[in-house]
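J.: One structure is given below, represented as structure tokens, and several questions about it will come after.
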Amino acid sequence: MRLAREKRDRTARIMKHIFLIIVSCVMLYPLFWLVASSFKPENEIFGNLGLWPSQFNFDNYTKGWNALPKPFTIFYINSAIVTVLSVIGNLISCSFAAYAFARLKFNGRTLFFGLMMMTLMIPYHVVLIPQYVQFLALGWVDTYLPLVVPRFLASDAFFIFLMVQFFRQLPRELDEAAMIDGCSPYKIYWAIILPLSLPAMGTAAIFSLIWVWEDFLAPLIYLNDIKSYTVPLALRLFLDQEGQSAFGQMFAMSVLSLVPVVIFFVLFQKLIVRGIATSGMK
């Protein structure tokens, strides 16, 4: 009886793993096809849906890097500047706001927290035009300021909510002990709360990095000079509506654009999973 039950359990586990492998392959097929197409000649990309190219064409990478009016290095640097500043701004401002909502007591805290949560339901397109008019009046259009400055003003309510949930799990006794020792709220934040919040900070950092690095709409609206283009805008330049589009070179540069995100995720995946898990516990 016991052996039969163990055999059924083993069979169930094997079937479950086979099913998950099949589903994973189906979900990852577009990524595999993108990587394979980056090595294919132009005439094979859409003529052959198989993954293995008839011949590996590395010219898509060498030519694609210098195919645009500016080398792709410029676009990588631009994206890196915007992304790094945005991540730093989100971590600093959102953690400050989350600390206030989670650990401090002040009048209207519940009301302001509810208003902050309501902003999650407002589509970005609703505030797009007012923001553009405001930034235009400030003379910030065609600069990185509209892409970076709002990040330093705790404009991403999702990260505030994520950190609030994490900060609430930390024992209140830590704050009380620190206050007895004469620590101010700022000292408590920097010396106690922040070091204990690395999982939540790592989760916010990776999500912020992915969203900003892959953002296409905001740079399209605020950046006009090609010298200031980020990677998503540069990839769009490979598509020519009047002439022949260089899909092979575009796919090659798309693969390279994924490298920083993949490396960052692989290095900090344990921290990310831990941050999501602990932030959701209450």
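In our numbering, the protein residues as written are 78 to 359. Just so you know, even glycine gets a beta-carbon here, dropped at the ideal spot from N, CA and C.
1) Within 10 Å of its beta-carbon, does Asn-167 have 16 or more other beta-carbons around it, so buried, or fewer, so exposed?
2) Looking at the structure shown, is Phe-315 part of a helix, part of a strand, or coil, going by DSSP?
3) Got a sec, what are the start and stop residues for the alpha helix (DSSP H) Leu-162 sits in?
4) Considering Cα atoms alone, identify which of Ser-101, Leu-80, Asn-134, Met-92 is closest to Gln-326.
5) Between the region 146–166 and the region 297–314, can you find at least three pairs of beta-carbon atoms closer than 8 Å?
6) Check each candidate in Tyr-176, Trp-290, Leu-224 and name the one with the smallest Cα separation from Thr-273.
7) Of all the CB atoms in chain D, is at least one closer than 9 Å to the CB of Pro-227?
8) If you compare alpha carbons, which of Val-289, Ile-237, Ser-114 is closest to Ile-169?
9) Should Arg-180 be labelled buried (16 or more other beta-carbon atoms within 10 Å of its own) or exposed?
10) Would you say Leu-128 and Phe-149 are within 9 Å of each other, going by their C-beta atoms?
11) With a threshold of 8 Å, are at least 3 pairs of Cβ atoms found where one atom belongs to the region 198–217 and the other to the region 255–269?
12) Answer yes if the region 217–227 comes into contact with the region 237–257, meaning at least three C-beta pairs across the two stretches below 8 Å, and no otherwise.
13) Over the uninterrupted alpha helix (DSSP H) stretch that includes Arg-186, give me the two end residues.
14) Would you kindly work out how many angstroms separate the C-alpha atoms of Ile-287 and Ala-81, rounded to a whole number?
15) For Leu-300, which of Lys-147, Asn-120, Asp-219, Phe-235 has the nearest alpha-carbon?
16) Since Pro-276 is in the alpha helix (DSSP H), which residue starts that stretch and which ends it?
17) Helix, strand or coil for Val-100? Go by DSSP, reduced to three states.
18) Answer with buried or exposed for Ser-115, where buried requires no fewer than 16 other C-beta atoms within 10 angstroms of its C-beta.
19) Going by DSSP, what residue range makes up the alpha helix (DSSP H) through Glu-121?
20) Quick one, are the C-beta atoms of Ser-172 and Asp-233 less than 9 Å apart?
21) State buried or exposed for Met-278, treating a residue as buried only when at least 16 other CB atoms are found within 10 Å of its CB.
T.: So, from the data block:
1) buried
2) Phe-315: coil per DSSP, three-state reduction.
3) 149–180
4) Comparing Cα-Cα distances from Gln-326 to each of Ser-101, Leu-80, Asn-134, Met-92, the minimum goes to Asn-134.
5) They touch, by the three-pair rule.
6) The sequence shown places Leu at residue 273, not Thr. The residue with the shortest Cα to Cα distance from Leu-273 is Tyr-176.
7) Among the protein chains of the structure shown there is no chain D, as only one such chain exists.
8) Ile-237
9) Burial check for Arg-180: the Cβ neighbour count within 10 Å reaches 16 or more, so the residue is buried.
10) no
11) no
12) no
13) 186–195
14) 48 Å
15) Asp-219
16) Under the DSSP assignment, Pro-276 falls in the alpha helix (DSSP H) whose first and last residues are 275–290.
17) Collapsing the DSSP output to three states places Val-100 in a helix.
18) Buried is the call here.
19) Note, Glu-121: premise wrong, no alpha helix (DSSP H); not H, not E.
20) No, Cβ-Cβ distance for Ser-172 and Asp-233 is not below 9 Å.
21) buried
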